[in-house]
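Note that the sequence shown covers residues 1 to 355 in full-length UniProt numbering. Quick reminder that beta carbons are idealized off the backbone N, C-alpha and C, glycines included. Just so it is clear, the structure is predicted and the values come from calculations on it, not from any experiment. I have placed the structure first, in the form of structure tokens, so that the comments after it can refer back to it.
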Amino acid sequence: MPSALLVLVTVWVCLYLVALLLKKSLGLGGLGVGWLSISIQTTSLNRVFHRLGRQQYGALWQQWFGMGVVVAGMLSISAIFILLRELWQAAAWAVEVATDGSNAAPVVRTTLAEMYADRGSVIGLAVPGLTVPWSHGIFLWVATAVSVAVHEAGHAIAAASEGIGVQQVGAFMLLLLPGAYVALDTNTLAVLAAWRTLRVVCAGVWHNAVLCVLCWLLALMLPWLLLPLYSTGQGAVVRFAHPGSPLAQHLAPGDVITAVNQCPIKGSADWVHCLRSPSTDPAHIWLPAQQSHLDSAGRGEVTAEQLMQLMSHGGPYAGLGYCIPDMQRRAAPVSISAGPVPAADHLHGAHVAPG
């Protein structure tokens, strides 16, 4: 059992025992303890939501949650197209794998993240230990908890603005996954007009969409909010160096790359530009290699134009690179007989793949 998973199990057992002790010793009626879940419910927030959605703000809330119905409808249509696209890509990918008759050695994807990248997937799973590092687990938990809280608050405020009573609010953890719910007066909700009902139903998605926009704006403003502790335009920062890369002994997380072959770098765009520009070093130049052109021994022939087209794409070959003589780059095709060099991870949103 991985150490991180052992820590999660230990945390869950401790939370379970504490909740069970509180329920039995203090007689907390709103606290529910099960083998796989812990829940708590309260009516103390009912008045809060009632005051927020009181009738004097009725016109404002109607406009606000009316926009939510429109946005939720547009997002629903977009979600359907995205899911259909994912299903189509998954089916095409499965057929391609099943009918591949080439003699080339198969490229083994060791992680789910690589499999999603191989298919060019828009949707990806964020599972600690599988697609993201275990260290990201706490951030995912906090993000999920905040999203759920904002979602349910949207339903409660919308219901209060329509004159629907909020009976109770609850929160729970299924294993360590956070969740929440709002219990509404279903009798009143059932007799509302369709548009008013939609304002209540779509309020959660609408508030999540607003939260996403606010987080995006906050991320854009971070360089200015954190001044002078944070600076931009000083170079590309190395965030991770693959242990198998020859550069691992020379680059460490936190290092700042200011130039490549005398090409100045101030950010991720400059990084890609410098890698795509003709090398000022007459000896070697870095080029990405398209795996499908290589045989089982890692040899193959591709044109320089084909290689350069892959430079700015973030697909499965974004981290594969070869150092070849600059003289050979001018020839077509280019003969390659080297193994892939695992590249350092992204720099300010760009993948690092120096040769």
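Please report how far the alpha carbon of F172 lies from the alpha carbon of T43, in whole angstroms.
One C-alpha to the other measures close to 15 Å.
Which residues does DSSP pair with S39 in a beta bridge?
Paired residue(s): G32 and F172.
Is the beta carbon of L8 closer than 9 Å to that of G137?
Yes, these two residues count as a Cβ contact at 9 Å.
Residues in its own chain within less than 8 Å of E152 by CB, not counting five upstream and five downstream?
Same-chain partners within the cutoff: V169, A180, Y181, V182 and G204.
Quick check for students: name the residue ranges of the beta strand (DSSP E) that lie wholly in the UniProt domain "Peptidase M50" (142-272), counting only runs of 3 or more.
Counting only runs of 3 or more, we get 166-174 and 177-184.
Alpha carbon to alpha carbon, how far is A72 from L84? Give it in angstroms, no decimals.
Those two C-alpha atoms are separated by around 18 Å.
Using the Cβ count rule (16 or more neighbours within 10 Å means buried), how would you classify G53?
Buried.
Which first and last residues belong to the alpha helix (DSSP H) in which I77 is found?
G58 to A98 is the extent of the alpha helix (DSSP H) around I77.
Helix, strand or coil: which one does DSSP assign to V7?
Here V7 sits in helix by DSSP.
Closest to V48 by CA distance: which of S161, S147, T10 and W12 is it?
Among S161, S147, T10 and W12, the Cα nearest to that of V48 belongs to S161.
Between the stretch 203-221 and the stretch 138-151, can you find at least three pairs of beta-carbon atoms closer than 8 Å?
Touching, per the Cβ criterion.
What is the DSSP secondary structure of V127, reduced to helix, strand or coil?
In the structure shown, V127 sits in coil (DSSP, three-state: anything other than H, G, I, E or B).
Tell me where the alpha helix (DSSP H) around L52 begins and ends.
N46 to L52 is the extent of the alpha helix (DSSP H) around L52.
Taking DSSP's pairing of strands, which residues face V13 in a bridge?
Per DSSP, none; premise fails for V13.
Quick one: residues in its chain with C-beta nearer than 6 Å to the C-beta of L5, no 5 flanking neighbours on either side, listed in chain order?
Correct list: empty, nothing qualifies.
Smallest Cα separation from A143: which of L130, A156, A126 and A158?
Out of L130, A156, A126 and A158, A126 has the C-alpha closest to the C-alpha of A143.
Buried or exposed: where does V13 fall if 16 or more other Cβ atoms within 10 Å of its Cβ makes it buried?
It is exposed - the Cβ of V13 has fewer than 16 other Cβ atoms within 10 Å.
Check each candidate in S245, V97 and W61 and name the one with the smallest Cα separation from A158.
Answer by Cα proximity: W61.
Taking a contact to mean a Cβ-Cβ separation below 9 Å, would you say V69 touches W195 in this structure?
Yes.
H250: buried (16+ other C-beta within 10 angstroms of its C-beta) or exposed?
Its Cβ having fewer than 16 others within 10 Å, H250 is exposed.
In chain order, what residues of the same chain lie with their CB nearer than 7 Å to the CB of L175, ignoring the 5 residues before and after it?
Only W12 and L36 meet the Cβ criterion.
Using the beta-carbon count (16 or more within 10 Å), is W216 buried or exposed?
Exposed, since its Cβ has fewer than 16 Cβ neighbours within 10 Å.
Taking the CB atoms as reference points, tell me whether A19 and I38 lie closer together than 9 Å.
For A19 and I38, yes; Cβs fall inside 9 Å.
For E301, does the count of other Cβ atoms within 10 angstroms reach 16, so buried, or fall short, so exposed?
Confidence at E301 is low in this model, with a pLDDT of 45, below 50, so its placement is unreliable and the value that follows should be read with caution. Exposed, since its Cβ has fewer than 16 Cβ neighbours within 10 Å.
Checking the sheet assignment: what are the DSSP bridge partners for V18?
Beta-bridge pairing links V18 to no other residue.
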